[in-house]
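Residue numbers (numbering that gives the first Met the number 0): 0 to 250. The beta carbon of each residue, even a glycine, is placed where N, CA and C say it ideally should be.
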Amino acid sequence: MSVNPEKSTDVLLEARHLSASHGQLVAVREVSLQLRAGETVALVGSNGAGKTTLMRTLAGVHPAQGGSVWLGGDEVSARPAHQRVQQGLALVPEGRRLFADMTVRENLLLAQEHRGRLRDGGAGWTIERVVQALPALQPLMNRPAGALSGGQRQAAAIARALMTNPRVLLIDEVSLGLSPRAVDEVYQHLHDLRREAGTTLLLVEQDLGRAMAFADRVLCLREGRIVLAAAAAGLDRQLVTDAYFGVEHAT
Ligand code: ATP
């Protein structure tokens, strides 16, 4: 393990010139980003921009082709996904990937087994605490995950990630496939989580308005590169849309 000489306690997750491919296709190109403790960052971009590949590469479930990933100031590039989970990096993947035949409770308990030791001496997430944070799960705990609706599955997947005591939560496609009401509920959960637990969040969100309203910062990815990085407050929506589609501005 190498230790970052510029170790900053403020930066929790960092990518430096991170690249990743699918065969010949380079999906993530030299991406550098930093997430500070307690910050919410939304990753936006059109279909195929590389958002999912970037999230998976940060989490260690997709191999990096180049560059590095740092967590809490330590380089984790060579560590497999489960070790990154133990260090506090949790991914809620697109499609959620819960064990359909297991109950919600069993899914959560399984995740608990994979968590690392708490780094800050805090209380840590228990089933009770998770249900308090996501009360919609209370009546669903004994249901098979495969019987849940989309919004319920998303809440259960977030709960499962919390059981690993993450310092940073990566959530791919927060609202994909959910009804407007379920999206509202999921964001309410995330809002409460951020307020009460101070969780640092990196979200992929297709709904630009939602991303800008919820996040502190917005990163726009196009063809595997970050083409716009800006504070969400006061950000001109047209600017993001243009970055999204690659509209050139005369200078
Ligand atoms: P979407 O919103 O459609 O999920 P995205 O921004 O998350 O898009 P990725 O899914 O990361 O983008 O895809 C980036 C590029 O990599 C695209 O060109 C995509 O076709 C390609 N790609 C993604 N997954 C695979 C795969 N398993 N095999 C081959 N190519 C892939």
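- Taken through DSSP and simplified to helix, strand or coil, ARG193 comes out as helix.
- With contacts defined by Cβ atoms closer than 8 Å, GLN153 and VAL203 do not form a contacting pair.
- The C-alpha of GLY49 lies about 31 Å from the C-alpha of TRP124.
- In the DSSP assignment, the residues bridged to GLU74 are TRP69.
- Distances between the C-beta of THR240 and the heavy atoms of the ligand ATP are all 7 Å or more.
- Collapsing the DSSP output to three states places GLU184 in a helix.
- CA-to-CA, the gap between ILE170 and ALA242 works out to about 22 Å.
- Judged by DSSP in its simplified three-state form, LEU57 adopts helix.
- Pairing LEU88 with LEU168, the inter-Cα distance amounts to about 6 Å.
- In the structure shown, VAL173 falls within a coil segment according to DSSP collapsed to helix, strand and coil.
- Non-local beta-carbon contacts of ARG28 in its own chain, meaning distances under 7 Å to residues more than five positions away in sequence, involve SER18, GLY223 and ARG224 in chain order.
- Residue pairing by DSSP puts GLU13 in a beta bridge opposite GLN33 and TRP69.
- Beta-bridge pairing by DSSP links THR102 to PRO143.
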